[in-house]
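What follows is one structure encoded as structure tokens, with my remarks underneath.
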Amino acid sequence: MTTKVSTYAASGLLESDDDSNIVTTRNLTKKFGDRIAVNKVSLAIPRGIAFGYLGPNGAGKTTLIRMLLGLTQPTSGEMVLRGYRLPSHRSAALSKVGAIIEEPRFHPHLTGRENLEVFASVRDKESFGRISGALERVGLGERATERVRGYSLGMRQRLGIARCLLSDPELLILDEPMNGLDPGGILEFRHLIRSFVDEGRTVVISSHLLDEIEKTCDAVAIVDSGQVVKQG
1 MTTKVSTYAA SGLLESDDDS NIVTTRNLTK KFGDRIAVNK VSLAIPRGIA
51 FGYLGPNGAG KTTLIRMLLG LTQPTSGEMV LRGYRLPSHR SAALSKVGAI
101 IEEPRFHPHL TGRENLEVFA SVRDKESFGR ISGALERVGL GERATERVRG
151 YSLGMRQRLG IARCLLSDPE LLILDEPMNG LDPGGILEFR HLIRSFVDEG
201 RTVVISSHLL DEIEKTCDAV AIVDSGQVVK QG
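Numbering follows UniProt numbering, with no gaps: position 145 of the sequence shown is 145.
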């Protein structure tokens, strides 16, 4: 049986009655040979907010996200996501997490709806039942029968978010989601993120765009050369 554990603050002290943080890390580190990509990162991300992970390209943002999702193993440090220790309880932790790493990828010759059906087929019946609502939610209801090869970047980003919504996530983790979007697309994306927060979901956004993080997020951690230099 998977054991759910209490979350803990970035200080590393267990807080048995505190379930306010949806993501916590303590001294999380990842090395690739002699290069340190993530250097002793300690984060405490509260539930129900939009949280920005801000830094230049190459600062280690994507590596941290990959560790949270169990796609890259940390060299050292601790992680708790949704109250479950990682990586030992990865399946339970990620059961209510939706994520996009860099640009979302789809089968170009399938329609938007068909792509979501393929994804739902490896999940559960509940995911199938959420497809229409997810497409409407991201503004693709009328374009769902078009092949993805004809979608703009903004439409593919929205389809990626629709795919995330199939798990009815408590937590969305989005890696550089505003890259390549025009001003109108960025504004639509910002409104969509805020609507998720209004529903009580948590959204973690990694980005190098300071202005958009300031306009979209409730709290931010600034990272440089793999280290968090400021959080607030």
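Glycine included, C-beta positions come from ideal geometry on N, C-alpha and C.
Report, in whole angstroms, the separation of the C-beta atoms of residue i and residue j, which I expect to be a contact under 8 Å.
i      : j      : result
Leu166 : Arg130 : 5 Å
From what residue to what residue does the alpha helix (DSSP H) around residue i run?
i      : result
Asp198 : Pro183 to Asp198
Asn115 : Gly112 to Ser121
Arg156 : Leu153 to Leu165
Met67  : Lys61 to Leu68
Asp211 : Leu210 to Thr216
Lys125 : Lys125 to Gly129
Ser91  : Arg90 to Leu94
Report the rounded CA-to-CA distance for residue i versus residue j, giving the unit in angstroms.
i      : j      : result
Met178 : Phe189 : 8 Å
Gly184 : Ser42  : 35 Å
Pro46  : Ala93  : 16 Å
Lys230 : Phe32  : 24 Å
Lys61  : Ser152 : 25 Å
Ala144 : Gly55  : 34 Å
Val122 : Ser88  : 22 Å
Cys217 : Gly200 : 14 Å
If the criterion is Cβ atoms closer than 8 Å, does the pair residue i and residue j meet it?
i      : j      : result
Leu172 : Phe196 : yes
Ala59  : Val223 : yes
Asn39  : Thr29  : yes
Pro108 : Arg147 : yes
Ile161 : Leu192 : yes
Asn115 : Phe128 : no
Report the residue from the options whose alpha carbon sits nearest the alpha carbon of residue i.
i      : options                           : result
Ile186 : Arg163, Gly160, Lys215 and Pro169 : Lys215
Glu136 : Lys125, Gly112 and Asp124         : Gly112
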